[in-house]
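Participant: Those protein sequence lines, which keep their order, are chains A and B.
For the first sequence, our numbering assigns the number -8 to the initial residue and increments by one for each residue that follows.
For the second sequence, our numbering assigns the number 61 to the initial residue and increments by one for each residue that follows.
The beta-carbon is built from N, C-alpha and C at its ideal position, and this holds for glycine as well.
Keep in mind the model is a prediction, meaning the values are calculated, not measured.
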Amino acid sequence: MIDAQTRRLTLWHLSVAFCAFLIACILGFYQVVERSGIFPALQSAKVYFASVSTHGVLMAYVLTTFFIMGFGYYTAATSLKRPIWHPTLAWAGFGLSLLGTVLAAIPLLLGRASVLYTFYPPIQASPWFYIGAALLVVGSWAWCAVMLVMALVWKRENANRPLPLAMYATTLNALLWLWTSVGVALEVVLQLIPWSLGWTQTIDPGLARTLFAWTLHPIVYFWLIPAYIALYCFVPKAAGGFLFSDEIARLAFLGLVLFGLPIGFHHLYVDPEQAAGWKLLHGIGTFLVAIPTLVTGFTVLASLEIAGRLNGGKGLFGWIGTLPWGNPMVLSAILALLMLILGGFGGIINASYALNTMVHNTAWVSGHFHLIFAGTTVIMYFAIAYHLWPRLTGKALYSNHLAPVQLWLWFSGMVLLSTPWHVLGLLGQPRRISSVTYHSLLTLSWQPYELFMIMGGGLLLASAILFGYLLVKTLTHSALQADLDPAYAETPYPHKNLPAWLENFKLWNLIIGALMLLSFGIPIAQFFFLKTYGSTPWGY
Amino acid sequence: MHIDPLEKKWVYIALATIGFFLGVIALTAWIGGIYPPSNVETINPARLHLSEEFAENKLGLKIQPDGSIKVVMVAGRYGFYPRRIVVPADTPITFRFASLDVLHGVHLPMTNLNTMIVPGYIAQVTTKFPIPGDYPLLCNEYCGLGHDFMWSKVTVVDKQTWKHEFGGRP
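(1) Between the alpha carbons of F225 of chain A and I216 of chain A, how many angstroms are there, rounded?
(2) So which of A:L143, A:S187 and A:T162 has the shortest CA-CA distance to P118 of chain A?
(3) According to DSSP, is D208 of chain B helix, strand or coil?
(4) Could you check the C-alpha separation between P74 of chain A and L0 of chain A for me, to the nearest Å?
(5) Apart from the five residues on each side of it in sequence, which residues of its chain come closer than 6 Å, Cβ to Cβ, to P230 of chain B?
(6) In chain order, which alpha helix (DSSP H) runs of at least 4 residues are fully inside the stretch 157 to 209 of chain A?
(7) In chain B, which residues lie with their C-beta within 8 Å of the C-beta of N488 of chain A?
(8) For the stretch 272 to 296 of chain A, which residues have a CB atom closer than 8 Å to at least one CB atom of chain B, in sequence order?
(9) Given a cut-off of 8 Å on the beta-carbon distance, is the pair V48 of chain A and L99 of chain A in contact?
(10) Under a three-way DSSP split, which group does A298 of chain A fall into?
(11) Which term fits R26 of chain A, buried or exposed, when burial requires 16 or more other beta carbons within 10 angstroms of its beta carbon?
(12) Can you tell me whether M141 of chain A is helix, strand or coil according to DSSP?
(13) From the beta carbon of N495 of chain A, is the nearest beta carbon of chain B less than 8 Å away?
(14) What are the boundary residues of the alpha helix (DSSP H) that L501 of chain A is part of?
(15) Buried or exposed for Y102 of chain B, going by 16 or more other Cβ atoms inside 10 Å?
(16) Going by DSSP, what residue range makes up the alpha helix (DSSP H) through G447 of chain A?
(17) Answer with yes or no whether the minimum CB distance from P421 of chain A to chain B is below 8 Å.
(18) Where do the ends of the beta strand (DSSP E) carrying H167 of chain B lie?
(19) Alpha carbon to alpha carbon, how far is A387 of chain A from A376 of chain A? Give it in angstroms, no decimals.
(20) Helix, strand or coil: which one does DSSP assign to P230 of chain B?
(21) Kindly give me the distance between the Cβ atoms of G274 of chain A and I85 of chain B, rounded to whole angstroms, as I take these residues to be in contact under 8 Å.
(22) To the nearest angstrom, how far is the alpha carbon of I153 of chain B from that of V185 of chain B?
(23) When you compare only the Cα positions, how much space is there between A491 of chain A and A394 of chain A?
(24) Tell me whether T102 of chain B sits in a helix, a strand or coil according to DSSP, three-state version.
(25) Excluding five sequence neighbours on each side, which residues of the same chain lie with their C-beta closer than 6 Å to the C-beta of K270 of chain A?
(26) Which residues in chain A sit within 7 Å of Y95 of chain B, going by Cβ to Cβ distance?
(27) Would L108 of chain B count as contacting chain A if we go by Cβ distances under 8 Å?
(28) Applying a beta-carbon distance threshold of less than 8 Å, which residues of chain A neighbour L75 of chain B?
(29) Looking at C-alpha atoms only, which residue of A:L435, A:Y372, A:F233 and A:L166 is the closest neighbour of Y479 of chain A?
(30) With DSSP run on the structure shown, which of helix, strand or coil describes S131 of chain A?
(31) Tell me whether the beta-carbon of G180 of chain B lies closer than 8 Å to the beta-carbon of Y524 of chain A.
(32) One question on the structure: do Y223 of chain A and L156 of chain A come within less than 8 Å of each other, judged by their Cβ atoms?
(33) At the 8 Å Cβ level, is R200 of chain A part of the contact set with chain B, yes or no?
(34) Answer with buried or exposed for V542 of chain A, where buried requires no fewer than 16 other C-beta atoms within 10 angstroms of its C-beta.
(35) Can you tell me whether DSSP reads K130 of chain B as helix, strand or coil?
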């Protein structure tokens, strides 16, 4: 059994993450209903934008950060087989992040921070919102420190052994998050907080958007890496087989970290404050970061095929039927890969330098990131929760039949929600509106899709409630069960001379630093050479 | 390091696919001259009304001495000014936008007129509209509680009609 400290840490982090998730799902359902315009009594821009801002912050920052921290502590303790280094520091980070969340949640819920989760100036929120967001990030840096120290100490004691794959990926994720969060931290601490407190009169929205773009793309890999850890380290064993290749998995994680960072300008393709050459450079990087994901798709499918054939599957496709479809980990992986393929297609379109203009800031974009984040990533978070819960509580999962039902509900809901969203985007519907007021025939073509989206939202809410129910029931009503091992997948080939450069984190830091300097150096420096004009604060 | 031959093949396929996509993008950019709007040009958002280009009486559609068409618009909560413009189909038109208050985005649905309007910067797009009709010119970035209502109207008419009925006038 894992030590009590680690279990407590992980349980608390995951509980905060999933509480935030449940609240955000309720808000999401309200939004899809309000936005449809089918119920005029519900229409209220004020409530809608407060709700959308809270939904975005809870899903993108609170669910993810707390989940990743909790899962990281579990991974470190189980894969390195040792207790958490300086648990006081870990708890301090937890407390700081939680305090930040509460400080930001109060103005959000009071409608004093209806600036959406991207909080682009010069619309100004309550200073508490920015301070809360900053504390949430600073708290997560404590987690990064614990992960990095644990990995380095283990490496010193095991000089000739590679880090276990799950810990290798977690270490890289901690490194990625430190680099990623610098952009938004600079924006919040140097620009937004002094400006919202009235210490500075004006703000440069161009610089703010550039710094935010620094964070906005790699943050999605911070969210995605735990899902990939489950795909590589848990899924093959749960399916009854082996991991096809440990080495390629390491290269994929490394590729995500290296190429995920210097590419944020694909969010600024149609922004006037950056020049075309820089955008093209970031565009090329954006395509390169697709390669680790293409490789992951192959390796995970190959691992599933090995399992299917070991289970007796024959022929070209026979192994698909012999996979354990009722196992939450395997089912999640299959559904996650399906959504990743669809979402990946959309991502290629968004990344395409010129083609992006057709879809930029349309409903297509919301459809895309719901498919990839709320689909692929969050469904793997569910699988990890089902995997971890019995190991953390010492109790059997409350129902092994309801878990697959919950996952199918989530998948169906997400497909029903995000497919119409993509279509609406192509039909020109903008994202981020609470009602349709354009006196145009075009908007008539939007109406039928709204109905499907409400159905999708309903299924998603039902799935989220069922998920919460299963976790709570496991805690309160389940039978005790025998100790479970962490169940990390094995590979059929033993490690053969894994090159030392894979784990040379100093080298990777230098390379990342050089790449960031190349892709962000001049674009940020230009704001200090150009004659720019700041903006005064505006309400909303 | 052990990399399976099958895996190696897949990596080559992935690299070739990505290389193909990037090649197409590079060709359309360098040969077709297709770039997203990216003119780094600053302006004081608090003094638009006093500027040469964005003062109220200077806004709207202008035919340049060389015959090309330029449209100058100000974005502000909640509209794009002037509120209604008529433009010819199938003709290159250069739009220039500046914001007088917060961040806006502008999109003419079903066309590739789509750009962010960041206060302090001038956004410029040159494009053609192939299909005549009435289009909402809408704001596609959250700009405040009235954001849903931020739209103006663009009417695209065929070249001949435009010349005879609207020639030279917005």
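Facilitator: On the basis of the supplied data:
(1) If you number the first sequence from 1, residue 225 of chain A lands on position 234. If you number the first sequence from 1, residue 216 of chain A lands on position 225. F225 of chain A and I216 of chain A: Cα-Cα distance of roughly 13 Å.
(2) As a first step, residue 118 of chain A is located in the first sequence; it is residue number 127 there, counting from the start. Taking only the C-alpha atoms, the option nearest P118 of chain A is A:S187.
(3) Residue numbering aside, residue 208 of chain B sits at position 148 when the second sequence is read from its first letter. Helix.
(4) Position 83 of the first sequence, counted from the start, is the residue given in the question as residue 74 of chain A. Position 9 of the first sequence, counted from the start, is the residue given in the question as residue 0 of chain A. Going from the Cα of P74 of chain A to the Cα of L0 of chain A covers about 11 Å.
(5) Here residue 230 of chain B corresponds to residue number 170 of the second sequence, with the count starting at 1. For P230 of chain B, the predicted model reports a pLDDT of 48, less than 50, meaning its position is unreliable; a value from the coordinates is still stated below. Here the set comprises G120, L121 and I145.
(6) 184 to 187 and 196 to 207
(7) By 1-based counting over the first sequence, the position of residue 488 of chain A is 497. M61, listed in chain order.
(8) G274, I275, F278, L279, A281, I282, L285, V286, F289, T290 and A293
(9) Counting from 1 along the first sequence, the entry for residue 48 of chain A is found at position 57. Counting from 1 along the first sequence, the entry for residue 99 of chain A is found at position 108. Result yes, Cβ atoms of V48 of chain A and L99 of chain A sit closer than 8 Å.
(10) Numbered from 1 along the first sequence, position 307 holds the residue referred to as residue 298 of chain A. Helix, per DSSP.
(11) Within the first sequence, numbered from 1, the residue matching residue 26 of chain A stands at position 35. Flag for R26 of chain A reads buried.
(12) In the first sequence, residue 141 of chain A corresponds to position 150, counting from 1. It is helical.
(13) Translated into positions along the first sequence, residue 495 of chain A becomes position 504. Not closer than 8 Å to any Cβ of chain B, the Cβ of N495 of chain A fails to qualify, so no.
(14) Numbered from its first residue, the first sequence carries residue 501 of chain A at position 510. Its alpha helix (DSSP H) spans residues F496 to F520.
(15) Taking the first residue of the second sequence as position 1, residue 102 of chain B is located at position 42. Before going on, a small fix: residue 102 of chain B reads as Thr here, not Tyr. Burial call: buried.
(16) By one-based count along the first sequence, residue 447 of chain A stands at place 456. Its alpha helix (DSSP H) spans residues Q438 to H468.
(17) As a position in the first sequence, residue 421 of chain A is number 430, starting the count at 1. With 8 Å as the cut-off, P421 of chain A counts as an interface residue toward chain B.
(18) Taking the first residue of the second sequence as 1, we reach residue 167 of chain B at position 107. Here the beta strand (DSSP E) through H167 of chain B covers H164 to H167.
(19) Mapped onto the first sequence, residue 376 of chain A falls at position 385. Mapped onto the first sequence, residue 387 of chain A falls at position 396. If you take the alpha carbons of A376 of chain A and A387 of chain A, they lie about 13 Å apart.
(20) Taking the second sequence and counting its residues from 1, the one referred to as residue 230 of chain B is at position 170. Unreliable placement is indicated for P230 of chain B, whose pLDDT of 48 sits below 50; the coordinate value is still reported in the next sentence. Coil at P230 of chain B, not helix or strand.
(21) Along the first sequence, read from residue 1 onward, the residue named residue 274 of chain A stands at position 283. Along the second sequence, read from residue 1 onward, the residue named residue 85 of chain B stands at position 25. Rounded, the Cβ-Cβ distance is 7 Å, consistent with contact.
(22) Within the second sequence, residue 153 of chain B is the residue found at index 93, counting from 1. Within the second sequence, residue 185 of chain B is the residue found at index 125, counting from 1. Each residue's alpha carbon lies about 8 Å from the other.
(23) Locating residue 491 of chain A in the first sequence gives position 500, where the first residue counts as 1. Locating residue 394 of chain A in the first sequence gives position 403, where the first residue counts as 1. If you take the alpha carbons of A491 of chain A and A394 of chain A, they lie about 41 Å apart.
(24) Taking the second sequence and counting its residues from 1, one reaches residue 102 of chain B at position 42. Strand.
(25) Residue mapping note: residue 270 of chain A aligns to position 279 of the first sequence, counting from 1. For K270 of chain A, where only same-chain residues beyond five positions count, the Cβ hits under 6 Å are F256 and Y260.
(26) Reading the second sequence from its first residue, position 35 is the one you call residue 95 of chain B. Those within 7 Å of Y95 of chain B in chain A are A267.
(27) Counting from one through the second sequence, the residue named residue 108 of chain B turns up at place 48. So, not an interface residue.
(28) Here the question's residue 75 of chain B lines up with position 15 in the second sequence. What L75 of chain B touches in chain A: I282.
(29) For the purposes of this step, residue 479 of chain A is taken as the residue at position 488 of the first sequence. Taking only the C-alpha atoms, the option nearest Y479 of chain A is A:F233.
(30) Indexing the first sequence from 1 puts residue 131 of chain A at position 140. In this structure, S131 of chain A counts as helix in the three-state DSSP scheme.
(31) Residue numbering aside, residue 180 of chain B sits at position 120 when the second sequence is read from its first letter. Residue numbering aside, residue 524 of chain A sits at position 533 when the first sequence is read from its first letter. Yes, the pair counts as a contact, with Cβ atoms nearer than the cut-off.
(32) The count along the first sequence starts at 1 and reaches residue 223 of chain A at position 232. The count along the first sequence starts at 1 and reaches residue 156 of chain A at position 165. Yes, they are a contact pair.
(33) The residue labelled residue 200 of chain A in the question sits at position 209 within the first sequence. Answer yes: the Cβ-Cβ gap between R200 of chain A and chain B drops below 8 Å somewhere.
(34) As shown, chain A starts at -8 and ends at 531. That puts residue 542 of chain A outside it, with no answer to give.
(35) Position 70 of the second sequence, counted from the first residue, corresponds to residue 130 of chain B. Strand.
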